[in-house]
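Colleague: Numbering (this note's numbering), first residue to last: 3 to 267.
Backbone N, C-alpha and C fix where the C-beta goes; we use that ideal spot for every residue, glycine too.
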Amino acid sequence: MGHGIAYAAALAGCEVVLTDARAEALPQALDRIAALTARGAARGKVVTGRVVAVPEIRAAVSDADIVIEAVVEDLAIKQRLFVDVEHAAPRDALLASNTSSLSIADISSVMSQPARLVGMHFFNPAHAMKLVEVVTHGRDSRPAAERAVAFARQLGKEPIVVRDSPGFASSRLGVVLGLEAMRMLEQEVASAEDIDKAMELGYNHPMGPLKLTDLVGLDVRLAIAEYLHTTLGKPQYEPPKILRDKVKKGELGKKSGKGFYTWSD
């Protein structure tokens with residue numbers, strides 16, 4: 003997700019600094035951006051020299067106007083990251099989390115100025131999907147949310163503003179559909195392809211729920227479902243056995259080569 007956000011920002015004319023705690027991830031991200039750039043150049047979309055990689059987080063954010071986090075959906079990891087970012091980034095920098103489900107108030111609770119942080123939930127693939135979900139957490143965060151909305155529009159996105167609540171708007175709705183599609187597959191109601199076609203052709207969804215889960219990552223979908231099941235306490239968010247089993251086997255979707263579909267480069 004991070005490389006897609008970086009590419010979208012560079013495409014809009016921003017100078018982008020990319021960082022990752024895993025040293026091996028940075029060359030991979032730059033390779034993915036280069037591939038997107040090559041495809042985009044054929045359509046007249048040129049990104050030249052606007053993305054650099056810096057391995058150390060404090061150096062990466064020291065001169066930033068906007069910092070967008072796209073790490074794993076783990077509250078403690080995000081909290082530790084924003085403690086570092088808050089101290090290293092300029093005082094007037096906008097801080098945003100790309101979380102798809104975790105509470106922005108919870109993430110920001112460890113910060114000295116929690117109102118600096120808002121949610122900016124991009125959708126996969128981030129460079130192509132128009133929606134950005136901007137998440138507020140109280141009156142004091144509204145100025146930051148207004149800046150996030152303006153930045154999303156600068157990137158050519160369509161922002162919506164939602165209040166901080168479990169799953170926000172998109173995940174709270176989308177996860178239910180995805181989990182029910184998995185239960186249907188378990189019960190052999192139809193094949194994965196036909197379940198997806200039901201939503202693509204019958205409801206005009208651009209992508210079916212199982213294919214979308216493969217793109218998002220089955221491990222990510224499982225983590226979100228577990229969080230929503232715990233926080234909301236509703237049975238429709240309980241992860242089905244097929245999802246847990248596939249994650250245990252390492253079938254995580256497109257990134258692993260297999261999920262509900264088999265993928266190849």
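1) The beta strand (DSSP E) that contains residue 99, what's its start and end?
2) Return the first residue and the last residue of the alpha helix (DSSP H) that residue 89 is part of.
3) Determine which residues share a DSSP beta bridge with residue 38 and list them.
4) When the Cβ atoms of the segment 128-148 are set against those of the segment 250-259, are three or more pairs found closer than 8 Å?
5) Nearest by alpha-carbon distance to residue 64: which of 53, 78, 91 is it?
6) What span of residues does the alpha helix (DSSP H) with residue 153 cover, start to end?
7) Return the chain-ordered list of same chain residues with a C-beta closer than 6 Å to the C-beta of residue 103, the five sequence neighbours on each side being excluded.
8) Could you pull the start and end residues of the alpha helix (DSSP H) that residue 177 belongs to?
9) According to the Cβ coordinates, are residue 135 and residue 164 closer than 8 Å?
10) Do three or more CB pairs link the segment 70-82 to the segment 98-115 at distances below 8 Å?
11) Kindly indicate which three-state DSSP category residue 55 falls into: helix, strand or coil?
12) Give me the Cα-Cα distance between residue 62 and residue 239, rounded to the nearest whole angstrom.
13) Along the alpha helix (DSSP H) that carries residue 201, what are the first and last residues, could you check?
14) Can you tell which of 93, 40, 71, 54 has its C-alpha closest to the C-alpha of residue 106?
15) Within 10 angstroms of the Cβ of residue 175, are there 16 or more other Cβ atoms? Answer buried if so, exposed if not.
16) Using the three-state DSSP reduction, which class does residue 2 fall into: helix, strand or coil?
17) Could you check what DSSP says for residue 241 in three-state terms: helix, strand or coil?
18) Can you tell me whether residue 85 is buried or exposed, with buried defined as 16 or more other CB within 10 angstroms of its CB?
19) What does the alpha-carbon distance come out to for the pair residue 52 and residue 38?
20) Assign residue 205 to buried or exposed, taking buried as 16 or more other Cβ atoms, counted over all protein chains shown, within 10 Å of its Cβ.
Modeller: Once the coordinates are examined:
1) Your numbering for residue 99 matches position 97 in the sequence shown. Unbroken beta strand (DSSP E) run through residue 99: 96-99.
2) Against the sequence shown, residue 89 aligns to sequence position 87. Note, residue 89: alpha helix (DSSP H), 77-90.
3) As a first step, residue 38 is located in the sequence shown; it is residue number 36 there, counting from the start. Beta-bridge partners assigned by DSSP to residue 38: none are found.
4) The segment 128-148 vs the segment 250-259: no contact.
5) Within the sequence shown, the letter at position 62 stands for residue 64. Checked all of 53, 78, 91; the closest Cα to residue 64 is 91.
6) Here the question's residue 153 lines up with position 151 in the sequence shown. Its alpha helix (DSSP H) spans residues 144-156.
7) As a first step, residue 103 must be located in the sequence shown, where it is residue number 101. For residue 103, where only same-chain residues beyond five positions count, the Cβ hits under 6 Å are 169, 173, 226, 229.
8) Taking the sequence shown and counting its residues from 1, one reaches residue 177 at position 175. Element bounds for residue 177: 172-188.
9) Position 133 of the sequence shown, counting from 1, holds the residue named residue 135. Position 162 of the sequence shown, counting from 1, holds the residue named residue 164. In this structure, residue 164 lies closer than 8 Å to residue 135 by Cβ.
10) yes
11) On the sequence shown, residue 55 is found 53 positions in, with the first residue counted as 1. Strand at residue 55.
12) Your numbering for residue 62 matches position 60 in the sequence shown. Your numbering for residue 239 matches position 237 in the sequence shown. Near 37 Å, if we compare the C-alpha coordinates of residue 239 and residue 62.
13) Here residue 201 is taken as the residue at index 199 of the sequence shown, counted from 1. Element bounds for residue 201: 194-204.
14) The count along the sequence shown starts at 1 and reaches residue 106 at position 104. Measuring from the Cα of residue 106, the nearest candidate turns out to be 71.
15) On the sequence shown, residue 175 is found 173 positions in, with the first residue counted as 1. Residue 175 should be labelled exposed.
16) This structure leaves residue 2 out entirely; the chain is present only between 3 and 267.
17) For the purposes of this step, residue 241 is identified with residue 239 of the sequence shown, where counting begins at 1. Here residue 241 sits in coil by DSSP.
18) For the purposes of this step, residue 85 is taken as the residue at position 83 of the sequence shown. The C-beta of residue 85 has fewer than 16 other C-beta atoms within 10 Å across all chains shown, which makes the residue exposed.
19) Indexing the sequence shown from 1 puts residue 52 at position 50. Indexing the sequence shown from 1 puts residue 38 at position 36. Their Cα atoms are separated by approximately 13 Å.
20) For this step, residue 205 is matched to residue 203 along the sequence shown. Looking at its Cβ environment, which holds fewer than 16 other Cβ atoms inside 10 Å, residue 205 is exposed.
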